[in-house]
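Below is one structure, written out as structure tokens; comments come after it.
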Amino acid sequence: MSPPSVITCRAAVAWGPGEPLVMEQVEVDPPLPMEIRLRVVCTSLCRSDVTQWESKAQPSLYPRIFGHEASGIVESIGEGVTEFEVGDHVLTIFIGECQSCKHCVSGKSNMCQVLGLERKGLMHSDQKTRFSIKGRPVYHYCAVSSFSEYTVVHSGCAVKISPTAPMDRICLLSCGAAAGFGAVWKVADISKGSTVVIFGLGTVGLSVAQAAKVRGAAHIIGVDINNDKHEKGKAFGVTKFINPDECDEPIQQVIKSMTDGGADYSFECIGDTGAVSTALQSCSDGWGLTVTLGVPKVKPEISAHYALLLSGKTLKGSLFGGWKPKSDLPSLVDKYLRKEINVDDLVSHDMPLDRINEAFNLMREGKCLRCVIHM
Ligand code: COD
Ligand code: ZN
Numbered sequence: 000m001s002p003p004s005v006i007t008c009r010a011a012v013a014w015g016p017g018e019p020l021v022m023e024q025v026e027v028d029p030p031l032p033m034e035i036r037l038r039v040v041c042t043s044l045c046r047s048d049v050t051q052w053e054s055k056a057q058p059s060l061y062p063r064i065f066g067h068e069a070s071g072i073v074e075s076i077g078e079g080v081t082e083f084e085v086g087d088h089v090l091t092i093f094i095g096e097c098q099s100c101k102h103c104v105s106g107k108s109n110m111c112q113v114l115g116l117e118r119k120g121l122m123h124s125d126q127k128t129r130f131s132i133k134g135r136p137v138y139h140y141c142a143v144s145s146f147s148e149y150t151v152v153h154s155g156c157a158v159k160i161s162p163t164a165p166m167d168r169i170c171l172l173s174c175g176a177a178a179g180f181g182a183v184w185k186v187a188d189i190s191k192g193s194t195v196v197i198f199g200l201g202t203v204g205l206s207v208a209q210a211a212k213v214r215g216a217a218h219i220i221g222v223d224i225n226n227d228k229h230e231k232g233k234a235f236g237v238t239k240f241i242n243p244d245e246c247d248e249p250i251q252q253v254i255k256s257m258t259d260g261g262a263d264y265s266f267e268c269i270g271d272t273g274a275v276s277t278a279l280q281s282c283s284d285g286w287g288l289t290v291t292l293g294v295p296k297v298k299p300e301i302s303a304h305y306a307l308l309l310s311g312k313t314l315k316g317s318l319f320g321g322w323k324p325k326s327d328l329p330s331l332v333d334k335y336l337r338k339e340i341n342v343d344d345l346v347s348h349d350m351p352l353d354r355i356n357e358a359f360n361l362m363r364e365g366k367c368l369r370c371v372i373h374m
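Taking numbering that gives the first Met the number 0, the leading residue of the sequence shown gets 0, the next gets one more, and so forth.
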């Protein structure tokens, strides 16, 4: 077989922070050793694509191709790759799993030291890009960049899944939905009968609700400033909806009154560091556990009165629901196939790649859950 050559294809390129994406012809290099090139089949728009694109913090990383919640088919493989074959169905993963570093071999962490969350717009192996437009490098996002018909990822940043799984739905398990499930089942490992509060009922928060319901939580309180999330919340297991803007008292007081002093578990799914301290305040003294899932949209620092911890509450961070992507994702896909988890109802819109700016606007305006882009 002849070695793979450069592919020219369509991609939605961001030329600057907050600037509408432009459909461009991009060149996609062949995969380097231990990399694979994928034909992207579907990619959903995750909140953090929008957050990062809106941020003015990394103006030098443009032009850039965003997107990291994706399903695809292996088109070609780089030297040394034995785990994948051309034609395999895969999900991309934004925190890879090298399976040999200190974190990958520990049972406690998914923070791979080799293929961890990439923040510089480059590929892990050589700190370069695989995309270009007329010779000008185009930066990556999370070393995935799925808003392109083809992309290159490290073989540790993709996971082989059942070819029977519908690519236009299970792409949500590549980030947001899986993060919510994992925060409940793995990070908090909640017990049956418990009381749970969820701040923010987007795709992530609704996945937390669903997972809490599956685990047998007795009360699932959903907090959101958007009243449209009331009905959606109910459909995913929320037993009580509260809009903090319509409360006479601070939301933590309302929750404490409702729960005899505080919930057993609270989950921050807004991406607002201020809500972290509210979530802690909403938990019970003694055993209350707050799990953060959100990537902050504005202020990255958190602050909380030390007495919140002195009273025995715990604050626990998480990324991707604590899942080890390669080890854990295939079984989540199988759960979907057995209809044990509902991902389909988290999709609010389906659209082609050339309407991607519409998806960005819907998410900014809070008018969608997941928009799935069909390539
Ligand atoms: N009070 C209550 N609700 C609020 C407030 C507020 N002050 N502000 C906004 N909200 C609501 C919105 O109305 C919306 O319903 C919800 O919060 C946020 O939902 P979305 O749809 O914007 O976002 P999601 O659900 O896709 O996820 C958002 C996170 C902020 C959690 C995001 O950081 C994330 O996807 N994290 C988990 C995945 C992960 O680990 N990502 C890392 C790399 S992507
Ligand atoms: Zn994401």
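Each residue gets a CB set at the ideal place from its N, CA and C atoms; glycine is no exception. Computed from a predicted structure; not experimentally measured.
Do residue i and residue j have their C-beta atoms closer together than 9 Å?
i: PHE359; j: LEU44; result: yes
i: ILE35; j: SER75; result: yes
i: PHE130; j: ILE189; result: no
i: ALA69; j: VAL49; result: no
i: THR277; j: LYS315; result: no
i: GLY181; j: GLY287; result: no
i: LEU148; j: LEU352; result: Note that residue 148 is Glu in the sequence shown here, rather than Leu. Cβ atoms of GLU148 and LEU352: closer than 9 Å.
i: LEU318; j: LEU171; result: no
i: THR291; j: VAL275; result: yes
i: GLY365; j: GLY270; result: no
Have a look at residue i and residue j and give me their C-alpha separation to the nearest angstrom.
i: ALA303; j: GLY273; result: 9 Å
i: THR125; j: VAL27; result: It is Asp, not Thr, that sits at residue 125 in the sequence shown. Near 16 Å, if we compare the C-alpha coordinates of VAL27 and ASP125.
i: LEU336; j: ASP167; result: 13 Å
i: LYS191; j: ASP343; result: 25 Å
i: TYR305; j: ILE250; result: 20 Å
i: GLY193; j: VAL207; result: This sequence places Ser at residue 193; Gly is not what is there. Using only the alpha carbons, I get a separation of about 14 Å.
i: ALA157; j: VAL137; result: 21 Å
i: SER347; j: SER1; result: 42 Å
i: LYS255; j: VAL294; result: 26 Å
i: ARG46; j: SER54; result: 12 Å
Among the options, which residue has its Cα nearest to the Cα of residue i?
i: VAL73; options: TYR140, ALA178 and THR150; result: THR150
i: LYS185; options: ASP353, LYS107, CYS97 and GLY155; result: LYS107
i: CYS282; options: VAL195, HIS102, THR7 and GLU82; result: VAL195
i: ASP327; options: GLU53, GLY199 and ILE94; result: ILE94
Between which residues of its own chain and residue i is the CB-CB distance below 6 Å, once the five residues before and five after are set aside?
i: PHE240; result: GLY221, HIS229 and GLY232
Starting from residue i, follow the alpha helix (DSSP H) in both directions and report where the run begins and ends.
i: VAL104; result: 101-104
i: THR272; result: 272-280
So, for residue i: in the same chain, excluding its five sequence neighbours on each side, which residues have a beta-carbon less than 8 Å away from its beta-carbon?
i: LYS212; result: ILE219, PHE235 and GLY236
i: MET33; result: GLY77, GLU78, GLY79, VAL80, SER124, HIS153, SER154 and GLY155
i: SER310; result: ASP284 and GLY285
Kindly list the residues whose CB is nearer than 7 Å to the CB of residue i, restricted to its own chain and excluding five residues on each side of it in sequence; keep chain order.
i: GLU458; result: Residue coverage of the chain in this structure runs from 0 to 374, which leaves residue 458 outside it and unanswerable.
i: GLN112; result: CYS100, LYS101 and HIS102
i: ILE355; result: ALA11, LEU20, PHE146 and ILE372
The beta strand (DSSP E) spanning residue i covers which residue range?
i: GLN57; result: No beta strand (DSSP E) holds GLN57; DSSP gives it neither H nor E.
i: ASP349; result: 346-351
i: ILE197; result: 194-198
i: ALA157; result: 157-159
i: TYR335; result: TYR335 -> not in any beta strand (DSSP E); alpha helix (DSSP H) instead, spanning 324-336.
i: LYS10; result: The question names Lys, but residue 10 in the sequence shown is Ala. 6-12 is the extent of the beta strand (DSSP E) around ALA10.
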